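Peer 1:
2 protein chains.
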Amino acid sequence: METTASALHHCKFEVPEIIFGRGVLSQVGSCARRLGGKKVFLVSDEGLFSAGWVDQAMRSLLEAHLSFVYYDQVSPNPRDFEVEDGAREYIRHGADVIVGLGGGSAMDAAKGIATLVANGGRIRDYEGSDKIHRPLPPLVLCPTTCGTGSDVSQFAIINDSERRCKLTIMSRCVAPDISLTDPDTLETLPEEYICTTATDALSHALEAFFSVASTTLTDVNAVRALRLISRSFVKAVHEHRPEDLENLARASLHAGMAFSNSLLGIVHALAHPIGGLYDANHGSVNAVLLPEVIRYDLPVVTEKLPELAYGLGYAFPDDEKGAAEMVQETIEKLLDAAGAPRSLRSLGVAREDLPSLAQNALKDICIITSPRQADEKDLLSILERAY
Amino acid sequence: METTASALHHCKFEVPEIIFGRGVLSQVGSCARRLGGKKVFLVSDEGLFSAGWVDQAMRSLLEAHLSFVYYDQVSPNPRDFEVEDGAREYIRHGADVIVGLGGGSAMDAAKGIATLVANGGRIRDYEGSDKIHRPLPPLVLCPTTCGTGSDVSQFAIINDSERRCKLTIMSRCVAPDISLTDPDTLETLPEEYICTTATDALSHALEAFFSVASTTLTDVNAVRALRLISRSFVKAVHEHRPEDLENLARASLHAGMAFSNSLLGIVHALAHPIGGLYDANHGSVNAVLLPEVIRYDLPVVTEKLPELAYGLGYAFPDDEKGAAEMVQETIEKLLDAAGAPRSLRSLGVAREDLPSLAQNALKDICIITSPRQADEKDLLSILERAY
């Protein structure tokens, strides 16, 4: 057996059909058509429109003889009302397949819209685990950042604008039918977003690897994501070379396959309430929390550290203590070299909010699979160290 | 980029929903039910019936309030007429979901029956790539050996009894909806079959890793399969410990995910005509061919050898030559220690058939993704060395 943890439980593993490669955005039309679609609801955003990628997607839809409706009323950290408006538009136009093109925001909005058109009600009705009962319309997701993993995951995160918190929806229903990644789209992504979204993928890989629900099926993907990120993160941010960007796109995919099946941990349990309260960039919040959560987790995951150290590009270290130091140091160096933010204060978080953020993190679904059972005091201490 | 090869083409990756763990055979009923089934066509064999596993599956179907028809007219290397009879039985009983429980034979027979009930005709009509046009009934496959990977693959292999050859059917349609592995079922598998089926998984992993269609998505699975096999193969055969058997079941799954998406190479291209002509055990044929094909392939796959050496349990070697020797030696030692057959002669192959076997291998679909383009002379030379 690979680890004691993986021996303790049954393993389930589900990933959508995956298409990956430079130029594959031209296949989005044939994908939507193959899923039985006639009228596509295309969800994207202004940035991708300006960069020309929306136009490319539209051309592919037309070539596949599909009509479409374009919807771009989606903010970063998409709002409940944007998703609810989107669902009304979908129904009004009689669309029958959804394509989400963008980062986590556009893709999660597409998932939310798909949920509502099939199930009705408000998006907050689906918060939590397995609350969706009717199957969604066919869904093709095309990521255009180095993170999120929404294109393969069973999660959707939508901001509740009234309660100022993030709703985490977890259901196999929100995994798309097809995940289509064209790494060429990363070439127009601003440097800042390369850094923050790759940090998100780094968190996904590490949290998935340390999760109590990890298995060999998720571990191989988490470790590959870490190797690709450790090789290409800093170069992708500063030099913008296509091969490094492609490695990050690939890392995002591997990390997504891992965390969608093993779930996450404290970084994301804390990042969700912070993102909900401050509308902060998700990757930036992760970058700040990650080193502190790793430090907190390391004592209970020693058995898996040699494999992780290898993932990060080292030969197998002789002892677990050496591996722990190696892992901690590598993560911090990577984040520093990539220019990631390093304090909650710098993200505008108010110190007096830390206790309530710690309380809310305890209710987040991601806390369940943390390798170390944290109480409110532990979480507050992590937040204070990261402040 | 990971390798030059992976940069050259778009990557597609598809795997069914996977359930893995001791005791999960009790979930087969809920799986069939979840796929909309009311009357199950259960395909298995006498050996599994005697060992009590068919009974366990039946109990699970009854607990899920499903009726079922049991079909066990399946030989090792299943015949075209067995599949065609099965399809008639399926239709006569009005079944609406298929469960295959067994090794490659029972599972491939289940795939063949599913193909015919949805598409009509004879099984040989579907030989080759993408010849199936109508979707199959829901399919749950439960492997009970350490090899085949049929439970996740897009392949089915059926013997053409008139032409005495194996038909290779390749289509995303024959991948099941759910792959369900209960490693407990390996505990009643005879020693000989542990050896031959694990050799099949070993071939799958190596051929998938060397395939020109390999990608990071398939490589991570191939390498993990190799690591698990190198750790547990010999112990599983000789000591029969549950944890080693579970590692082999896991290896079979990883290797299946790899080869289903990257395809195979010369070992399988040669093994198919040999199996068709002699009705020989597929794993035994692979065991004999594998070392010779690896020797033939090594000069053109040097770039990937350090990763493979690591997969086999070594630290990264300093040079590619060292890695090549390491790989070759490890494979041969593993096969010897596990007691695998080591010559075609010992399997009853006649020397005068070698030229026509080489000719037929050139027509096999698996030859396409071989890392080294072999002509008839090369294939004959491999067969002669393995004789």
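Line by line, the protein sequences give chains L and X. For the first sequence, the numbering used here assigns the number 3 to the initial residue and increments by one for each residue that follows. For the second sequence, the numbering used here assigns the number 3 to the initial residue and increments by one for each residue that follows. The beta carbon of each residue, even a glycine, is placed where N, CA and C say it ideally should be. As the structure is a prediction and not an experimental result, all values here were calculated from the model.
Please identify, using Cβ separations under 9 Å, the residues of the segment 213-224 of chain X that lie next to chain L, in order along the chain.
Peer 2: Listed by position, the residues of the segment 213-224 of chain X near chain L (Cβ gap below 9 Å) are T217, T218, L219, D221, V222 and N223.
Peer 1: Can you find the residues in the same chain that come closer than 6 Å, C-beta to C-beta, to L265/X, ignoring five residues on each side of it along the sequence?
Peer 2: For L265/X, where only same-chain residues beyond five positions count, the Cβ hits under 6 Å are S213, A215 and T371.
Peer 1: Please name the residue in E386/L, F43/L and L141/L whose C-alpha comes closest to that of R347/L.
Peer 2: Of the candidates E386/L, F43/L and L141/L, the one whose C-alpha sits nearest the C-alpha of R347/L is E386/L.
Peer 1: Please say whether C197/X and E108/X have beta carbons closer to each other than 9 Å?
Peer 2: For the record, residue 108/X in the displayed sequence is Ala; it is not Glu. Result no, Cβ atoms of A108/X and C197/X do not sit closer than 9 Å.
Peer 1: Over what stretch of residues does the beta strand (DSSP E) that includes Y73/X continue unbroken?
Peer 2: Y73/X -> beta strand (DSSP E) spans S69 to Y73.
Peer 1: Taking Cβ positions, are L143/X and S181/X nearer each other than 9 Å?
Peer 2: Taking 9 Å as the Cβ cut-off, L143/X and S181/X qualify as a contacting pair.
Peer 1: At a Cβ cut of 8 Å, what residues of the segment 368-380 of chain L count as close to chain X, listed as they run along the chain?
Peer 2: If the cut-off is 8 Å between Cβ atoms, the segment 368-380 of chain L has nothing near chain X.
Peer 1: When DSSP labels each residue in this structure, what does V142/L get in the three-state scheme?
Peer 2: It is a strand residue.
Peer 1: Would you kindly check if the distance between the Cβ of L314/X and the Cβ of L291/X is under 9 Å?
Peer 2: Contact: no.
Peer 1: Give the residues of chain X in contact with C13/L, contact being defined as C-beta atoms less than 7 Å apart.
Peer 2: Under the 7 Å cutoff, chain X gives F22 and G23.
Peer 1: Using 8 Å for Cβ pairs, my map puts A203/L next to A224/L. What's the rounded Cβ distance?
Peer 2: Contact flag wrong, Cβ pair sits at about 10 Å.
Peer 1: Give the list of continuous alpha helix (DSSP H) stretches no shorter than 4 residues that lie fully inside the segment 213-265 of chain X.
Peer 2: Here the runs fully enclosed are 218-241 and 244-264.
Peer 1: Out of curiosity, what's the CA-to-CA distance linking L68/L and A251/L?
Peer 2: So the two alpha carbons sit approximately 28 Å from each other.
Peer 1: Taking the beta strand (DSSP E) that V290/X belongs to, which residues open and close that run?
Peer 2: Careful: V290/X lies outside any beta strand (DSSP E), inside the alpha helix (DSSP H) at H284 to D299.
Peer 1: Any idea what DSSP makes of S152/X, helix, strand or coil?
Peer 2: Correct three-state label for S152/X: coil.
Peer 1: Name the chain X residues whose beta carbon is nearer than 7 Å to that of E19/L?
Peer 2: Per Cβ cutoff of 7 Å: E16.
Peer 1: Return yes when the Cβ of V71/X is within less than 9 Å of the Cβ of V42/X, no when it is not.
Peer 2: Closer than 9 Å, so yes.
Peer 1: Could you name the residues of chain L that V26/X contacts, counting a contact when the two beta carbons are closer than 7 Å?
Peer 2: What V26/X touches in chain L: H12.
Peer 1: In chain X, which residues lie with their C-beta within 7 Å of the C-beta of R353/L?
Peer 2: Chain X residues near R353/L: none, gap ~42 Å exceeds 7 Å.
Peer 1: Assign P185/L to one of two classes, buried (16 or more other C-beta atoms within 10 Å of its C-beta) or exposed (fewer than that).
Peer 2: Per the 10 Å Cβ criterion, buried.
Peer 1: Once you ignore the five residues that flank H2/L on each side, which residues in its own chain have a CB closer than 6 Å to its CB?
Peer 2: Nothing in the structure corresponds to residue 2/L, since chain L is present only between 3 and 389.
Peer 1: By the DSSP assignment, the beta strand (DSSP E) with A158/L in it spans what residues?
Peer 2: Element bounds for A158/L: F157 to D162.
Peer 1: Taking 9 Å as the cut-off, decide whether the C-beta atoms of R344/L and L336/L are in contact.
Peer 2: No, the Cβ-Cβ distance between R344/L and L336/L is not below 9 Å.
Peer 1: If you drop the 5 nearest sequence neighbours on each side, which residues of the same chain put their C-beta closer than 6 Å to that of D132/X?
Peer 2: Excluding sequence neighbours, D132/X sits near S173.
Peer 1: Is any beta-carbon of chain L found at less than 9 Å from that of H256/X?
Peer 2: For H256/X, the answer is yes, since a Cβ of chain L falls inside 9 Å of its Cβ.
Peer 1: Count the other C-beta atoms from every protein chain shown that fall within 10 angstroms of the C-beta of T146/X, then say buried if there are 16 or more, exposed otherwise.
Peer 2: Label assigned to T146/X: buried.
Peer 1: Within 10 angstroms of the Cβ of A352/X, are there 16 or more other Cβ atoms? Answer buried if so, exposed if not.
Peer 2: Exposed, by the Cβ-count rule.
Peer 1: For A97/X, which residues from the same chain have a beta carbon less than 7 Å from its beta carbon, with the 5 sequence-adjacent residues on both sides left out?
Peer 2: Once the five neighbours on either side are set aside, the close Cβ partners of A97/X are K41, V42, F43 and V71.
Peer 1: Whose C-beta lies closer than 6 Å to the C-beta of A257/X among residues of the same chain, with five residues either side of it excluded?
Peer 2: Excluding sequence neighbours, A257/X sits near G151, A203, H206, A207 and A227.
Peer 1: Let me know the secondary structure DSSP gives R81/L once reduced to three states.
Peer 2: Here R81/L sits in strand by DSSP.
Peer 1: So for I100/X, helix, strand or coil by DSSP?
Peer 2: If DSSP states are grouped into helix, strand and coil, I100/X belongs with the strands.
Peer 1: Rounded to the nearest angstrom, how far is the Cβ of I100/X from that of L141/X, given a contact under 8 Å?
Peer 2: That belief holds up - the Cβ atoms of I100/X and L141/X are roughly 5 Å apart, short of 8 Å.
Peer 1: To the nearest angstrom, report how far apart S358/L and I276/L are at their CA atoms.
Peer 2: Computed Cα separation, rounded: 10 Å.
Peer 1: At 7 Å on the CB atoms, spell out the chain X contacts of R226/L, in chain order.
Peer 2: Correct list: T218 and V222.
Peer 1: Please tell me whether G88/X and Y73/X are closer than 9 Å, where the distance is taken between their beta carbons.
Peer 2: The answer is yes: Cβ separation under 9 Å.
Peer 1: In the DSSP output, what is S130/L paired with across the bridge?
Peer 2: Position check: residue 130/L holds Gly in this sequence, whereas Ser was assumed. DSSP, once it has assigned bridges, lists I171/L as partnering G130/L.
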